[in-house]
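S.K.: Below is one structure. I have some questions about it.
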Amino acid sequence: MASSGATGDLSQRTGRTAAIVPAAGRGERLGPGAPKALRLLGGQPMLVHAVRALAASRVVDLVVVAAPEESVDEVAALLNDHDLGADASVVQGGETRQDSVARALLTLPDDVDIVLVHDAARPLVPVEVVNAVVAAVADGHPAVVPALAVVDTVKEVDEGSVVTRTIERDRLRAIQTPQGFARAVLQRAHAEADLGVTDDAGLVEALGIPVLVIPGHEEAFKVTRPFDFVIAEAVLARRRESRGG
Ligand code: C5P
């Protein structure tokens with residue numbers, strides 16, 4: 004059991020677990036079209052896959068989606084019309100991912116004590132990863148992120164694209180979502196840290212609170228560029244085959 008001074012003992016918890024899904028990005032790296040979260044994968048919006056993936060974990064009690072301003076009604080209808088397996092609501096997203104998460108955080112009921120933050124752009128995360136993140140937070144870790152080892156050699160470059168250094172690969176991790184937090188820690192991180200970071204764990208790190216890394220999964224990859232859709236469709240096809248239909 005890890006100690007979590009900022010949060011108290013979550014192993015005795017009676018609280019609920021909420022998942023926040025930032026889905027308000029434009030998806031510019033995908034090219035023109037609908038907001039990324041609403042683009043179709045296997046005939047269904049990516050967002051629906053992402054919410055179902057979270058709800059597949061019996062430990063997730065409710066889901067709050069941060070939607071693009073112009074799509075709030077459309078997303079509310081989507082969440083209403085699909086059988087998702089968990090209570091789901093929608094808030095208007097913000098200018099940045101960090102703003103979108105902060106807006107959703109404000110709407111959580113008081114009895115939520117663990118919060119997951121999961122990119123809509125990672126629609127195929129396996130339920131085992133969701134469960135493992137929640138279990139580690141419930142075990143007392145204030146912040147938990149799934150990750151994979153980095154397979155490419157990573158180099159830093161200057162403005163002229165000339166390499167300035169090569170980073171030791173063995174110590175690098177590619178961080179995925181869902182990221183899990185004791186609610187009090189995530190709220191404090193959003194209130195106190197304002198760094199323009201690209202994930203929530205980055206805010207927690209800035210407070211000097213330890214962030215535990217646990218094994219992620221290849222299928223939790225982020226759909227960012229057109230080729231990622233090809234991979235995502237292939238993963239869905241393989242899942243259909245293994246279910247026998
Ligand atoms: O841009 P990036 O790929 O890092 O976005 C990660 C996630 O954050 C996506 O699911 C995207 O929809 C979401 N996002 C958001 N609000 C923004 C920008 C991104 O909810 N203003």
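Count along the sequence shown from 1, then add 3; that gives the number in the numbering used here. Ideal Cβ placement from N, Cα and C applies to all residues, glycine included.
1. Tell me which residues share the same chain as E195 and place their Cβ nearer than 7 angstroms to its Cβ, disregarding the 5 neighbours each side in the sequence.
2. With a threshold of 7 angstroms (Cβ to nearest heavy atom), would R100 be considered close to ligand 1?
3. Just to confirm, are A202 and Q182 a CB contact at a threshold of 8 angstroms?
4. Please state whether DSSP places V238 in a helix, a strand or coil.
5. With hydrogens ignored, establish whether the beta-carbon of G34 is closer than 7 angstroms to any heavy atom of ligand 1.
6. Where does Q179 sit, in a helix, a strand or coil, going by DSSP?
7. List in chain order: all unbroken beta strand (DSSP E) runs of 3+ residues lying wholly within the region 25-74.
8. Taking its Cβ as the centre, do 16 or more other Cβ atoms sit within 10 Å of I23, making it buried, or is it exposed?
9. Check the DSSP bridge columns for E159 and list the partner residues they point to.
10. What residue range is occupied by the uninterrupted beta strand (DSSP E) comprising A150?
11. Please classify T156: is it buried, with 16 or more other beta-carbons within 10 angstroms of its beta-carbon, or exposed?
12. Alpha carbon to alpha carbon, how far is A204 from I217? Give it in angstroms, no decimals.
13. Which first and last residues belong to the beta strand (DSSP E) in which L215 is found?
14. Express the C-alpha separation of A59 and T17 in angstroms, rounding to a whole number.
15. Along the alpha helix (DSSP H) that carries D102, what are the first and last residues, could you check?
M.R.: Walking through what the data contain:
1. Around E195: L210.
2. Ligand 1 approaches R100 closely enough that one of its heavy atoms is under 7 angstroms from the residue's Cβ.
3. Ala is not the amino acid found at residue 202; the sequence shown has Asp there. Cβ distance < 8 angstroms, so D202 and Q182 count as in contact.
4. Helix, per DSSP.
5. Checking every heavy atom of ligand 1 against the Cβ of G34, none is found closer than 7 angstroms.
6. Taken through DSSP and simplified to helix, strand or coil, Q179 comes out as coil.
7. Counting only runs of 3 or more, we get 65-70.
8. Answer is buried; the Cβ neighbour count reaches 16.
9. Partner(s): R168.
10. Where A150 is concerned, the enclosing beta strand (DSSP E) starts and stops at 146-152.
11. Classification of T156: exposed, given that the 10 Å Cβ count is below 16.
12. Roughly 13 angstroms between the two C-alpha positions.
13. In this chain, the beta strand (DSSP E) harbouring L215 covers 215-218.
14. Distance from the CA of T17 to the CA of A59, rounded to the nearest whole angstrom, comes to 20 angstroms.
15. Counting along the chain, the alpha helix (DSSP H) containing D102 begins and ends at 100-108.
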